[in-house]
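K.L.:
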Amino acid sequence: MKMWKRVCLWLVAWVAIACSSPKNSRLPILGIPEYKEVNGKIDTLYHTVPNFQFVDQDSALVTEATVADKIYVADFFFGTCPTICPVMKQQMLRVYEQFKDTPNFAILSHTIDPEHDTVAYLKDYSMRLGVPDNKTWHFLTGDKDKIYQIGSGEGYMVPLGENEDAPGGFIHSGAFLLVDKERRIRGKYDGTNPKEVTALINDIPKLLAEYEQ
Amino acid sequence: MIFRNCLPSMSSKLIVPILFALATATACGGGSSEGEQVLNRLNDTEIKYFTNGKRLYSTHCANCHMENGEGLGQLIPPLKGADYLLNDVGRAARIIVNGAKEPLIVNGIEYRQPMPGNTSLNASEVTEILTYITNAWGNSYGGVSLNQIKTALSTN
Numbered sequence: 112m113k114m115w116k117r118v119c120l121w122l123v124a125w126v127a128i129a130c131s132s133p134k135n136s137r138l139p140i141l142g143i144p145e146y147k148e149v150n151g152k153i154d155t156l157y158h159t160v161p162n163f164q165f166v167d168q169d170s171a172l173v174t175e176a177t178v179a180d181k182i183y184v185a186d187f188f189f190g191t192c193p194t195i196c197p198v199m200k201q202q203m204l205r206v207y208e209q210f211k212d213t214p215n216f217a218i219l220s221h222t223i224d225p226e227h228d229t230v231a232y233l234k235d236y237s238m239r240l241g242v243p244d245n246k247t248w249h250f251l252t253g254d255k256d257k258i259y260q261i262g263s264g265e266g267y268m269v270p271l272g273e274n275e276d277a278p279g280g281f282i283h284s285g286a287f288l289l290v291d292k293e294r295r296i297r298g299k300y301d302g303t304n305p306k307e308v309t310a311l312i313n314d315i316p317k318l319l320a321e322y323e324q
Numbered sequence: 013m014i015f016r017n018c019l020p021s022m023s024s025k026l027i028v029p030i031l032f033a034l035a036t037a038t039a040c041g042g043g044s045s046e047g048e049q050v051l052n053r054l055n056d057t058e059i060k061y062f063t064n065g066k067r068l069y070s071t072h073c074a075n076c077h078m079e080n081g082e083g084l085g086q087l088i089p090p091l092k093g094a095d096y097l098l099n100d101v102g103r104a105a106r107i108i109v110n111g112a113k114e115p116l117i118v119n120g121i122e123y124r125q126p127m128p129g130n131t132s133l134n135a136s137e138v139t140e141i142l143t144y145i146t147n148a149w150g151n152s153y154g155g156v157s158l159n160q161i162k163t164a165l166s167t168n
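Quick mapping for you: the protein sequence lines, in order, are chains A and B. FYI, in the numbering used here the residues of the first sequence are 112 to 324. FYI, in the numbering used here the residues of the second sequence are 13 to 168.
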């Protein structure tokens with residue numbers, strides 16, 4: 112009988128440990144890595160978002176240097192989008208409210224309709240959304256080709272495109288991408304799905320914790 | 013065998029909080045729901061409108077005005093508690109079909125984004141949607157009749 116009790120105790124302890132382990136599990140690194148031989152050793156090169164240069168709602172230049180010491184969430188939208196964008200923005204507001212005062216955190220929302228969504232338009236749009244400044248959340252516009260390029264397989268790996276038959280004239284992804292300080296993509300979430308956005312909100316502190324040593 | 017021996021030692025520590033949690037969950041789930049109040053307000057035909065309207069709303073409207081009817085910041089106006097909607101349901105019917113291009117003021121706040129029209133919706137569907145949005149989320153307008161909406165839409 113004594114032995115059974117001891118088995119029970121081990122069982123309980125094991126379950127407790129097993130259940131707590133996700134805390135220190137690292138987020139995955141998305142994209143196809145390349146392997147390179149350097150001085151006889153195999154080096155893994157992860158997919159990273161290339162350098163970029165856009166302008167935000169306050170006419171500030173936003174480049175890779177802006178997020179050099181930050182993790183960030185990226186997405187794509189356009190102001191006159193009749194389909195998924197309002198829900199995406201409602202969900203991104205949840206992320207913003209939670210982390211707007213976190214110093215090493217940013218949000219980059221890229222318009223895919225820069226001809227319509229000018230700096231002035233994005234300022235009005237972001238103010239009306241409830242984002243008073245560009246401290247954390249940058250609404251980006253710029254060269255159209257560059258925006259599509261950074262959305263493509265070279266960058267955030269999301270489907271984007273102009274299409275006359277699509278509602279509002281654009282095909283676009285509702286994805287939110289979580290990017291680390293090395294500009295590796297560490298998570299992809301459906302920005303129209305509140306449950307996935309909750310997962311993102313839970314993953315952000317985990318990613319920040321990787322840099323606290 | 014193992015678990016039978018485990019239980020006595022765990023019961024006092026674990027079962028009590030579990031029971032407590034269950035009791036709390038049950039207690040909080042009670043109370044009269046919004047659904048019941050809506051049912052009291054509407055007759056059988058109107059309840060059918062309400063149910064169909066909820067489905068149509070999810071398809072055609074919720075992506076902008078949100079499932080909870082609260083809209084989005086100062087970009088998309090709310091329907092929940094919206095004076096603009098509740099003061100003139102006929103006008104709202106015309107907006108649903110034709111869309112809105114001019115700025116409008118809802119509960120004292122000006123909105124300027126255009127709303128696209130839904131020309132594919134017929135008068136019955138518009139009646140169903142209006143029955144839903146004027147009686148959901150605490151709105152308590154009451155019944156909307158098909159005749160009322162047909163008249164409103166004919167004065168386009």
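Cβ coordinates follow ideal geometry from the N, Cα and C atoms, glycine included.
#1: Taking beta-carbon pairs under 7 Å, can you tell me which members of the stretch 59–92 of chain B lie near chain A?
#2: Interface residues of chain B around residue 200 of chain A at Cβ under 7 Å?
#3: For residue 127 of chain B, write down the residues that DSSP places opposite it in a beta bridge.
#4: For the alpha helix (DSSP H) holding residue 251 of chain A, just list the boundary residues, first then last.
#5: Which chain B residues sit within Cβ distance under 8 Å of residue 236 of chain A?
#6: Out of A/197, A/218, A/198, state which residue places its alpha-carbon closest to the alpha-carbon of residue 207 of chain A.
#7: Among A/265, A/305, A/246, A/172, which one has its Cα closest to the Cα of residue 75 of chain B?
#8: Roughly how many angstroms lie between the CA atoms of residue 172 of chain A and residue 165 of chain A, to the nearest whole one?
#9: Could you pull out every residue in the same chain whose Cβ sits closer than 8 Å to the Cβ of residue 130 of chain A, ignoring the five residues on either side in sequence?
#10: When the Cα of residue 248 of chain A is compared with those of A/197, A/141, A/177, which residue comes out closest?
#11: In the stretch 119–130 of chain B, which residues sit with their C-beta less than 7 Å from some C-beta in chain E, listed in chain order?
#12: Could you say which of B/158, B/142, B/78, B/116 lies nearest to residue 152 of chain B if we only look at CA atoms?
#13: Run the CB neighbour count on residue 34 of chain B, radius 10 Å, all protein chains shown included, and call it buried at 16 or more, exposed below.
#14: State the Cα-Cα distance for the pair residue 315 of chain A and residue 149 of chain B, rounded to the nearest angstrom.
#15: What's the call for residue 252 of chain A, buried or exposed, on a 16-neighbour Cβ count within 10 Å?
#16: Measure the C-alpha to C-alpha separation of residue 255 of chain A and residue 225 of chain A and round it to an integer number of angstroms.
#17: On the CB-based measure, 16 or more other CB atoms within 10 Å of its CB, does residue 68 of chain B come out buried or exposed?
#18: Touching or not, the stretch 196–216 of chain A and the stretch 89–100 of chain B, by the rule of three or more beta carbon pairs under 8 Å?
#19: Between which two residues does the beta strand (DSSP E) containing residue 154 of chain A stretch?
#20: Relative to the C-alpha of residue 190 of chain A, which residue among B/101, B/135, B/125 is closest?
#21: Can you confirm whether residue 241 of chain A, when its beta carbon is compared against all beta carbons of chain B, has any partner nearer than 8 Å?
#22: Hey, out of B/57, B/101, B/60, B/85, whose CA is closest to residue 146 of chain B's CA?
#23: Compute the distance between the beta-carbons of residue 277 of chain A and residue 301 of chain A, then report whether it is under 8 Å.
#24: Relative to the alpha-carbon of residue 291 of chain A, which residue among A/280, A/170, A/321 has its alpha-carbon at the smallest distance?
#25: Among all the DSSP beta bridges, which residues are the ones paired with residue 187 of chain A?
#26: With a threshold of 6 Å on Cβ separation, who are the neighbours of residue 259 of chain A within its own chain once the five nearest residues in sequence on each side are excluded?
P.N.:
In short:
#1: So the list reads 75, 76, 78, 84, 85, 86, 87, 88, given in the order they occur along the chain.
#2: 84
#3: B/112
#4: That residue, residue 251 of chain A, is in no alpha helix (DSSP H); its beta strand (DSSP E) goes 248–251.
#5: Within 8 Å Cβ-Cβ: 87.
#6: A/218
#7: A/305
#8: 6 Å
#9: Confidence in residue 130 of chain A is poor, its pLDDT being 48 and thus under 50, which makes the residue's placement too unreliable to answer from.
#10: A/177
#11: Looking at the structure shown, chain E is missing, and the protein chains on hand are A and B.
#12: B/142
#13: Residue placement at residue 34 of chain B is flagged as unreliable, the pLDDT there being 45, under the threshold of 50; a coordinate-derived value is accordingly withheld.
#14: Each residue's alpha carbon lies about 32 Å from the other.
#15: Per the 10 Å Cβ criterion, buried.
#16: 6 Å
#17: buried
#18: No: the two stretches stay apart, fewer than three of their Cβ pairs being nearer than 8 Å.
#19: 152–156
#20: Comparing Cα-Cα distances from residue 190 of chain A to each of B/101, B/135, B/125, the minimum goes to B/125.
#21: yes
#22: B/101
#23: no
#24: A/321
#25: A/221
#26: If we look at residue 259 of chain A and ignore the five residues flanking it on each side, its Cβ neighbours are 271.
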